[in-house]
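Trainee:
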Amino acid sequence: MSSSLEGTTLLAQGAALKYLPSILEDMTGIFDVSVLGCLLRDFIGNLPPGRLLRHKLQSLTDIVNSPVFQAHESREMLLQTAVPILQELIGKGEEEEASLDLLSNILEVLYKTQKKAEEPRVSAGRREKQHKEETSSELGKVKAHVKMILQWLLRTVNRRVIALGREHALRSHYVACMTAILSQLDAAHYSRFFQTFPARTDLLVRASAPWGWGRAQEPQRPL
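Start counting the sequence shown at 1086; every next residue gets the next number (our numbering).
#1: Check the C-beta distance from His1258 over to Leu1185 and give it rounded, since I have them as a contact under 8 Å.
#2: Spatial neighbours of Thr1113 within its chain, please: CB distance less than 7 Å, with the 5 preceding and 5 following residues excluded, ordered by chain position.
#3: For Val1118, which residues in the same chain have their Cβ closer than 6 Å to its Cβ, ignoring the five residues on either side in sequence?
#4: How would you write the range of the alpha helix (DSSP H) that Leu1125 sits in, first residue to last?
#5: Quick check on DSSP: helix, strand or coil for Ser1151?
#6: Under a three-way DSSP split, which group does His1253 fall into?
#7: Compare the beta carbon distance of Lys1197 and Ser1144 with 8 Å and say whether it is the shorter of the two.
#8: Within its chain, find whatever has a CB closer than 8 Å to the CB of Gly1178; leave out the 5 residues flanking it on each side and keep chain order.
#9: Quick test of your reading: Ile1148 and Leu1163, contact by CB under 8 Å. State the CB separation rounded to the nearest angstrom.
#10: Provide the residue span of the alpha helix (DSSP H) that contains Leu1137, from first to last.
#11: Would you mind giving the Cβ-Cβ distance between Gln1172 and Leu1238, rounded to the nearest angstrom? I have them listed as a contact below 8 Å.
#12: Could you give the DSSP three-state label for Leu1270: helix, strand or coil?
#13: Give the secondary structure of Gly1092 by DSSP, where H, G and I count as helix, E and B as strand, and everything else as coil.
#14: Using the beta-carbon count (16 or more within 10 Å), is Thr1146 buried or exposed?
#15: Check whether the Cβ atoms of Ile1175 and Thr1264 lie closer than 8 Å to each other.
#16: Among Ile1129, Gln1199, Ser1268, which one has its Cα closest to the Cα of Ala1101?
#17: Measure the C-alpha to C-alpha separation of Arg1251 and Ile1170 and round it to an integer number of angstroms.
#18: Count the other CB atoms within 10 Å of the CB of Lys1141; is the residue buried (16 or more) or exposed (fewer)?
#19: Taking just the CA atoms, how far does Gly1225 sit from Ala1273?
#20: Taking DSSP as the reference, what is the three-state secondary structure of Thr1241?
#21: Between the alpha carbons of Glu1204 and Glu1223, how many angstroms are there, rounded?
#22: Among Ala1097, Asn1243, Ile1115, Val1168, which residue has its Cα nearest to the Cα of Arg1126?
#23: Count the other CB atoms, across all protein chains shown, that sit within 10 Å of the CB of Gln1098; report buried if there are 16 or more and exposed otherwise.
This is the structure:
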């Protein structure tokens, strides 16, 4: 997939990106999720930067909505691929609709996974202790992924909101993503959040949210 030749190679790469997500369910029965996550990471990562960006983003969005992204091991590897791509494209203001679609789907999956890990279940004795340990472990893994989004994307999204005019059609979508990220943060995340803004101008250049921002602070449903 690393060839930069034009013509048939370009068409083949585009087709591979389009149809790969449709066979993921079958592939989960063949490969271990960690191996599959590694293959998908390399598959996307080996495409030359700047090539087939929209196809790449759409393929990643479909993968995020597949069972593969539910497993921590493969989600870890896919986020390592998707998050830097999103940081670059959002920072440059390129392929914004596709980037926002991918980001909102990632945030929705993380939201649902975190809520599921937080759900208390009634058990007894040793089984209850085992469940608590498993839940704590899964919750910690999800929080680590939220931290990854925080470190790589929150500042970038905030700066993009500031850069866009108030009437820009995508501004509210960026604000929604920013709010969705903030809604998943705990105290440790917030401490890290303020460390990602080395200059006060990143926070206070001008009001970055429309007048209805107060409503956005209310409990959020997944995007």
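Note that CB positions come from ideal geometry on N, CA and C, so glycine has one too. Values in this document were obtained by computation on a predicted structure and should not be read as measured data.
Mentor: Taking the structure as given:
#1: 5 Å
#2: Leu1121, Pro1152, Val1153
#3: Ala1156, Glu1158, Ser1159
#4: Leu1125 -> alpha helix (DSSP H) spans 1118-1130.
#5: It is coil, neither helix nor strand.
#6: coil
#7: Not closer than 8 Å, so no.
#8: Arg1245, Ala1248
#9: The beta-carbon distance between Ile1148 and Leu1163, rounded to whole angstroms, is 6 Å. This is short enough to meet the 8 Å contact definition.
#10: Taken as a continuous stretch (DSSP letters only), Leu1137 belongs to no alpha helix (DSSP H), as it is neither H nor E.
#11: 6 Å
#12: coil
#13: coil
#14: Counting C-beta atoms within 10 angstroms of its own C-beta, Thr1146 has 16 or more neighbours from the protein chains shown and is therefore classed as buried.
#15: No, Cβ-Cβ distance for Ile1175 and Thr1264 is not below 8 Å.
#16: Ile1129
#17: 26 Å
#18: buried
#19: 12 Å
#20: helix
#21: 12 Å
#22: Val1168
#23: The C-beta of Gln1098 has 16 or more other C-beta atoms within 10 Å across all chains shown, which makes the residue buried.
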